[in-house]
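J.:
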Amino acid sequence: EVQLVESGGGLVQPGGSLRLSCAASGFTLSTYWMHWVRQTPGQGLVWLSRIGGDDGSSTSYADSVRGRFTISRDNAKNTLYLQMDSLRVEDTGVYYCARSVVSTANDLRYWGQGSLVTVSA
Amino acid sequence: DIQMTQSPSSLSASVGDRVTITCRASQSISSYLNWYQQTPGKAPKVLIYEASNLQSGVPPRFSGSGIGTHFTLTINSLQPEDFATYYCQQTYRSPPAFGQGTKVEIK
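These protein sequence lines are chains B and V, in that order.
In terms of our numbering, the first sequence is residues 8 to 128.
In terms of our numbering, the second sequence is residues 13 to 119.
1. Is the distance from the Cβ of A25/V to the Cβ of V116/V below 8 Å?
2. Is R116/B near V70/V, with beta carbons less than 8 Å apart?
3. I'd like to know if A96/V contacts chain B, where contact means its C-beta is closer than 8 Å to some C-beta of that chain.
4. Do S32/B and N85/B have their beta-carbon atoms positioned less than 8 Å apart in this structure?
5. I want to see whether chain V comes within less than 8 Å of D114/B, judged by CB atoms only; does it?
6. Residues in its own chain within less than 6 Å of T34/V by CB, not counting five upstream and five downstream?
7. Does the beta carbon of N88/V come closer than 8 Å to any beta carbon on chain B?
8. Confirm, please, whether the CB-CB distance from L11/B to W118/B is below 8 Å.
9. Report all residues from its chain with a CB closer than 6 Å to the CB of S40/V; omit the five preceding and five following residues, and keep chain order.
10. Keeping to the same chain, check which residues put their C-beta closer than 6 Å to that of T47/B; ignore five residues upstream and five downstream.
11. Using the C-alpha atoms, what's the distance from I60/V back to S110/B?
12. Hey, how far is the Cα of S67/B from the Cα of Q101/V?
13. Let me know the secondary structure DSSP gives D81/B once reduced to three states.
14. DSSP three-state call for T38/B: helix, strand or coil?
15. Looking at the unbroken beta strand (DSSP E) that takes in Q18/V, where does it start and where does it end?
16. Indicate whether at least one CB of chain V lies closer than 8 Å to the CB of T111/B.
17. Identify the contact partners of G69/V in chain B, using a Cβ-Cβ distance below 7 Å as the criterion.
18. Output yes if chain C places a C-beta closer than 8 Å to the C-beta of L27/B; else output no.
19. Distance, Cα to Cα, M41/B vs V9/B?
20. Which value, in whole angstroms, describes the spacing of the CA atoms of I87/V and Q50/V?
21. For S107/B and Y39/B, which I take to be in contact (beta-carbon distance under 8 Å), what is that distance rounded to the nearest angstrom?
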């Protein structure tokens, strides 16, 4: 069974940093494109970043987080990460990791339960 | 980037009603479209993939159709557990993009 469990969320001041983790089980992380998606309070879903390739060297980011957020993964631990630096109030929200399917890199078929990040002074 | 536009943004319906939600893409995405359902406090859940394929375990009262730029999600005989927010998402090209959501409320 595919399972994704996020952790690492919490309260951080503007300008601070936080690292989210997404522990995967039931499949091998490196086989699939993995994504991070954010949902701000009362708002919709916004795609943030993705990672793929055997060595995880293929990455891309939304304009809103490029240069501040870094996606990575540890194949040995089967865990996905999102390093978030220079956080802003508008980064507040629930962060989901999601897994694709083999045939379509952007088909977000499986989701974690989400991790809440609050950026506030 | 491809933009996704859903309509309506919200609707009120009764148990047993048939509901239709529309999603339009700013350019052709072939059949590369997913529909998700989200209830409060939960992660989105895939209902339909590739525009018209029912995800395993999803009740057959849900159906999807469309190709190119115009897509619809239909819920036949709305059930109490179907009151939720529904999102479309194009899976055709990066960056993946979601519609703004349609909230289905109880009339």
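For glycine and all other residues, C-beta sits at the position ideal for the given N, C-alpha and C.
Please read these numbers as outputs of a predicted model, since none were measured by experiment.
T.: Let's see:
1. yes
2. no
3. no
4. yes
5. yes
6. S19, T84
7. With 8 Å as the cut-off, N88/V does not count as an interface residue toward chain B.
8. yes
9. G80, T81
10. G100
11. 15 Å
12. 18 Å
13. strand
14. helix
15. 16-19
16. yes
17. Result: empty, since nearest Cβ-Cβ is about 12 Å, beyond 7 Å.
18. Annotation note: the requested chain C is absent from the structure, which comprises protein chains B and V.
19. 13 Å
20. Looking at the two C-alpha atoms, the distance is approximately 15 Å.
21. 5 Å
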